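Novice: So the protein sequences, as listed, match chains E and H. Under numbering that gives the first Met the number 0, think of the first position of the first sequence as 0, with each following residue one higher. Under numbering that gives the first Met the number 0, think of the first position of the second sequence as 0, with each following residue one higher. Positions of the beta carbon are idealized from the N, C-alpha and C atoms, including for glycine. Bear in mind that the values here come from a model prediction, so they are computed numbers and not experimental data.
There are 2 protein chains.
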Amino acid sequence: MKVEKISELTTNRLSVYLRCLNEIAAEGARTVSSELLARKFHLNSAQIRKDLAYFGEFGVRGVGYTVEDLRDHLKKILGLDKQHQLCIIGAGRLGTALTDYYRFSQTNFAVGALFDADPEKIGTKVGGIEIFDIKDFAEIVKKDKIEVAVIAVPAERAQAVLELITASGIKAVMNFAPVPLRVSDDIKLKTVDLTTSLESLSYFLAQPKNGNGKSVKPNVKVHRNQM
Amino acid sequence: MKVEKISELTTNRLSVYLRCLNEIAAEGARTVSSELLARKFHLNSAQIRKDLAYFGEFGVRGVGYTVEDLRDHLKKILGLDKQHQLCIIGAGRLGTALTDYYRFSQTNFAVGALFDADPEKIGTKVGGIEIFDIKDFAEIVKKDKIEVAVIAVPAERAQAVLELITASGIKAVMNFAPVPLRVSDDIKLKTVDLTTSLESLSYFLAQPKNGNGKSVKPNVKVHRNQM
């Protein structure tokens, strides 16, 4: 359990480093030190060195890292050197928005299919991607070698959909439905709850100290990615 | 620091309880026990009692909670009994999708304005909501009493946008840009990083044990909301 947790926090940081390196490469730099990376992107240089050392020795003392080599290494570590097919279940407002978003994101995931139960939606397309009948889920997952499922159905349907996904053999799932889900532990499930995130801001705004416009002495802190 | 962390995890759970109670109310139930809530929604009944006791005594021994009263209490605790104006900065693919999503979500936030720097977008509308010039940000925030800002700009623009938000007096921010941001500690910043979430699934798929279709003995576990 502890190893899994460390690994996820670490890989999330590696994801961030990779995007920082992409920016640095776009600016034309060929080498970079952990100190420069840290300064430029508000990261911790000791943490960078520790994270990268965990996966092998990339840096050269006094020179830093070769940007291109480090990017290639990080892509390989993160599994971003391979393309994966992704499907989205639920072709409603959120599912459609996510299709559009992921279709144009520079990731190694391609949206291969959408699924819905509504006869009026089945057979139509969203941005060139077909909406299939949820009844044909297992068949299409197998045929199209889909490895990742995104749950974008209403809360009350999410558990049933997760069971369908599990039965199909898919091991990686991203859930946007705002409910806790039961999952078998050979499945990797990420939950992104847009409603709860907003409600936590609502709670913050409801506290007396935050509504009156007075600000306490603002100590700048760095807010790192939480997911 | 520690109090803040506990409070956020607790309020996230309260958010989940509230949605569960909404479902129960829709089914016509007037009272509910922590055991029934736990069983029906895969929650922990002791945790429910502890969380609710933290905010006062709601339950009646042997009867449970009155659904309507508990919902009202939770809404008040979470600040969901008041409407808030929200604005989205960045009218690109993600900003547009979020506008559409939040416009129809049953939350107490209303999307009041979009902002962009692109002259071709300024003055047009997304789902009836006007896109304003980012130069007029402070003025419109003040006029429309906007309390929450959602950052949906590319990574390299996010820090500058956050500084604009901070200067306007807004205290609650949701960031969808996949970069760490520096923030003064009187501001509540939530980061939702859709790219990093996907990349962590990619890492999982790249591990030898997960690609071969063999499944280990599946022990069911409950995956709670992480945000």
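Under 7 angstroms between beta-carbons, which chain H residues line up against Asp115 (chain E)? List them in chain order, please.
Specialist: Residue numbering aside, residue 115 (chain E) sits at position 116 when the first sequence is read from its first letter. Chain H residues near Asp115 (chain E): none, gap ~17 angstroms exceeds 7 angstroms.
Novice: Once you ignore the five residues that flank Thr9 (chain E) on each side, which residues in its own chain have a CB closer than 8 angstroms to its CB?
Specialist: Within the first sequence, numbered from 1, the residue matching residue 9 (chain E) stands at position 10. Asp50, Tyr53.
Novice: Work out the CA separation of Asp132 (chain E) and Asp117 (chain E) for me, nearest whole Å.
Specialist: Indexing the first sequence from 1 puts residue 117 (chain E) at position 118. Indexing the first sequence from 1 puts residue 132 (chain E) at position 133. Roughly 8 angstroms separates the two Cα atoms.
Novice: Ignore the nearest five residues each way along the sequence and tell me which others in Ala25 (chain H)'s own chain have a CB closer than 6 angstroms to its CB.
Specialist: Along the second sequence, one-based indexing puts residue 25 (chain H) at 26. Closer than 6 angstroms at Cβ, skipping near neighbours: no residue.
Novice: Using the beta-carbon of each residue, which ones in chain H are nearer than 8 angstroms to His72 (chain E)?
Specialist: Here the question's residue 72 (chain E) lines up with position 73 in the first sequence. Near His72 (chain E) there are no residues of chain H at all, since even the closest Cβ is about 13 angstroms away, more than 8 angstroms.
Novice: Under DSSP, the alpha helix (DSSP H) around Phe136 (chain E) begins and ends at which residues?
Specialist: Stepping through the first sequence from its first residue, residue 136 (chain E) is reached at position 137. Element bounds for Phe136 (chain E): 136 to 142.
Novice: Let me know the secondary structure DSSP gives Asn187 (chain E) once reduced to three states.
Specialist: To locate residue 187 (chain E), count along the first sequence from 1; it is residue 188. The question names Asn, but residue 187 (chain E) in the sequence shown is Lys. Strand at Lys187 (chain E).
Novice: Determine the contact status of Gln82 (chain H) and Ala112 (chain H), defining contact as a CB-CB distance below 8 angstroms.
Specialist: For this step, residue 82 (chain H) is matched to residue 83 along the second sequence. For this step, residue 112 (chain H) is matched to residue 113 along the second sequence. Taking 8 angstroms as the Cβ cut-off, Gln82 (chain H) and Ala112 (chain H) do not qualify as a contacting pair.
Novice: Pairs of beta-carbons, one from the region 100 to 108 of chain E and one from the region 36 to 50 of chain E, closer than 8 angstroms: are there three or more?
Specialist: Result no; under three Cβ-Cβ pairs closer than 8 angstroms.
Novice: Count the other C-beta atoms from every protein chain shown that fall within 10 angstroms of the C-beta of Gln158 (chain E), then say buried if there are 16 or more, exposed otherwise.
Specialist: Here residue 158 (chain E) refers to the residue found at position 159 when the first sequence is read from its first residue. Burial call: buried.
Novice: Kindly provide the ranges of any alpha helix (DSSP H) runs that are 4 or more residues long and lie completely inside the region 22 to 87 of chain H, ordered along the chain.
Specialist: Within the region 22 to 87 of chain H, the complete alpha helix (DSSP H) runs of at least 4 residues are 33 to 40, 44 to 53, 66 to 76.
Novice: Whose C-beta lies closer than 6 angstroms to the C-beta of Leu17 (chain E) among residues of the same chain, with five residues either side of it excluded?
Specialist: Taking the first sequence and counting its residues from 1, one reaches residue 17 (chain E) at position 18. Cβ within range, chain order: Leu73.
Novice: Taking just the CA atoms, how far does Val31 (chain E) sit from His41 (chain E)?
Specialist: Taking the first sequence and counting its residues from 1, one reaches residue 41 (chain E) at position 42. Taking the first sequence and counting its residues from 1, one reaches residue 31 (chain E) at position 32. Between His41 (chain E) and Val31 (chain E), the C-alpha separation is close to 15 angstroms.
Novice: Can you name the start and end residues of the beta strand (DSSP E) that Val110 (chain H) belongs to?
Specialist: The count along the second sequence starts at 1 and reaches residue 110 (chain H) at position 111. 108 to 115 is the extent of the beta strand (DSSP E) around Val110 (chain H).
Novice: With DSSP as the reference, label Asp99 (chain E) as helix, strand or coil.
Specialist: Looking up residue 99 (chain E) in the first sequence gives position 100. Here Asp99 (chain E) sits in helix by DSSP.
Novice: Under the assumption that Asp227 (chain H) contacts Ala96 (chain E) (Cβ atoms under 8 angstroms), give the Cβ distance between them as a whole number of angstroms.
Specialist: With chain H running from 0 to 226 in the structure shown, residue 227 (chain H) is simply not present.
Novice: DSSP has Val149 (chain H) in a bridge; who is on the other side?
Specialist: Against the second sequence, residue 149 (chain H) aligns to sequence position 150. Answer by DSSP bridge pairing, in chain order: H:Ile87, H:Met173.
Novice: Less than 8 angstroms between the beta carbons of Asp143 (chain H) and Gln206 (chain H), yes or no?
Specialist: By one-based count along the second sequence, residue 143 (chain H) stands at place 144. By one-based count along the second sequence, residue 206 (chain H) stands at place 207. In this structure, Gln206 (chain H) does not lie closer than 8 angstroms to Asp143 (chain H) by Cβ.
Novice: Is Pro153 (chain H) buried or exposed, if buried means 16 or more other CB atoms sit within 10 Å of its CB?
Specialist: Here residue 153 (chain H) refers to the residue found at position 154 of the second sequence. It counts as exposed.
Novice: For Glu146 (chain E), return the contacting residues in chain H, with the cut-off set at a CB-CB distance below 7 angstroms.
Specialist: If you number the first sequence from 1, residue 146 (chain E) lands on position 147. Result: Leu204.
Novice: Does the CB of Gly78 (chain H) have a neighbour CB from chain E at under 8 angstroms?
Specialist: Within the second sequence, numbered from 1, the residue matching residue 78 (chain H) stands at position 79. At least one chain E Cβ lies under 8 angstroms of Gly78 (chain H).
Novice: Quick one: grab the DSSP three-state call for Val233 (chain E).
Specialist: The question about residue 233 (chain E) has no answer here: the residues shown for chain E are numbered 0 through 226.
Novice: Considering only the alpha carbon of each residue, which of H:Thr123, H:Lys141, H:Asp184, H:Ile87 lies closest to Met173 (chain H)?
Specialist: Position 174 of the second sequence, counting from 1, holds the residue named residue 173 (chain H). That would be H:Ile87, whose Cα lies nearest to the Cα of Met173 (chain H).
Novice: Phe229 (chain E) to Ala37 (chain E), Cα distance in whole Å?
Specialist: The question about residue 229 (chain E) has no answer, for chain E in this structure spans 0 to 226.
Novice: Can you grab the Cα-Cα spacing for the pair Leu180 (chain E) / Pro179 (chain H), in whole Å?
Specialist: Translated into positions along the first sequence, residue 180 (chain E) becomes position 181. Translated into positions along the second sequence, residue 179 (chain H) becomes position 180. Approximately 29 angstroms between the Cα atoms of the pair.
Novice: Thinking Val66 (chain H) and Arg29 (chain H) are a contact (beta carbons under 8 angstroms), I'd like their distance in whole angstroms, please.
Specialist: Residue mapping note: residue 66 (chain H) aligns to position 67 of the second sequence, counting from 1. Residue mapping note: residue 29 (chain H) aligns to position 30 of the second sequence, counting from 1. Val66 (chain H) to Arg29 (chain H), Cβ: 6 angstroms. Contact.
Novice: In the DSSP assignment, find the alpha helix (DSSP H) that holds Ile128 (chain E) and state where it starts and stops.
Specialist: Counting from one through the first sequence, the residue named residue 128 (chain E) turns up at place 129. Per DSSP, Ile128 (chain E) belongs to no alpha helix (DSSP H); it is in the beta strand (DSSP E), 128 to 132.
Novice: Can you look up Val178 (chain H) in the DSSP assignment and give me helix, strand or coil?
Specialist: On the second sequence, residue 178 (chain H) is found 179 positions in, with the first residue counted as 1. Residue state, collapsed to three classes: coil.
Novice: Please report how far the alpha carbon of Ser183 (chain E) lies from the alpha carbon of Tyr101 (chain H), in whole angstroms.
Specialist: Position 184 of the first sequence, counted from the start, is the residue given in the question as residue 183 (chain E). Position 102 of the second sequence, counted from the start, is the residue given in the question as residue 101 (chain H). Approximately 31 angstroms, taken between the alpha carbons.
Novice: Of all the options E:Lys141, E:Lys124, E:Asp185, E:Gly63, which has the alpha carbon lying nearest to the alpha carbon of Ala90 (chain E)?
Specialist: Here residue 90 (chain E) refers to the residue found at position 91 when the first sequence is read from its first residue. Out of E:Lys141, E:Lys124, E:Asp185, E:Gly63, E:Lys124 has the C-alpha closest to the C-alpha of Ala90 (chain E).
Novice: Using a Cβ-Cβ distance under 8 angstroms, would Tyr100 (chain H) count as near chain E?
Specialist: Counted from its first residue, the second sequence places residue 100 (chain H) at position 101. With 8 angstroms as the cut-off, Tyr100 (chain H) counts as an interface residue toward chain E.
Novice: For Lys75 (chain E), count the other beta carbons within 10 Å of its own beta carbon; 16 or more makes it buried, fewer makes it exposed. Which is it?
Specialist: Your numbering for residue 75 (chain E) matches position 76 in the first sequence. Exposed, since its Cβ has fewer than 16 Cβ neighbours within 10 Å.
Novice: If I measure Cβ to Cβ from Leu77 (chain H) and keep anything under 8 angstroms in the same chain, skipping five residues before and after, which residues do I get?
Specialist: If you number the second sequence from 1, residue 77 (chain H) lands on position 78. Here the set comprises Thr10, Leu13, Ser14, Leu17.
Novice: In the DSSP assignment, the alpha helix (DSSP H) including Ile121 (chain H) goes from what residue to what residue?
Specialist: As a first step, residue 121 (chain H) must be located in the second sequence, where it is residue number 122. Premise fails: Ile121 (chain H) is in no alpha helix (DSSP H) and is neither H nor E.
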